[in-house]
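In UniProt numbering, the protein residues as written are 1 to 34.
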């Protein structure tokens with residue numbers, strides 16, 4: 001998924017890794033520009 005987001009020139013995106021009591025997790029946020 002992150003590779004696909006990186007290949008899309010219209011996207012500005014970031015990914016964050018989180019750690020909680022259930023283990024590793026994370027999320028990505030992207031904004032589509034013109």
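Built from N, CA and C at the ideal position, the CB exists for glycine as well.
Candidates the options: closest to residue i by CA position
| i | options | result |
| --- | --- | --- |
| residue 25 | 9, 15, 33 and 32 | 15 |
| residue 11 | 1, 18 and 22 | 1 |
| residue 34 | 4, 3 and 8 | 8 |
Whole-Å CB distance - residue i paired with residue j, under 8 Å assumed
| i | j | result |
| --- | --- | --- |
| residue 30 | residue 13 | 4 Å |
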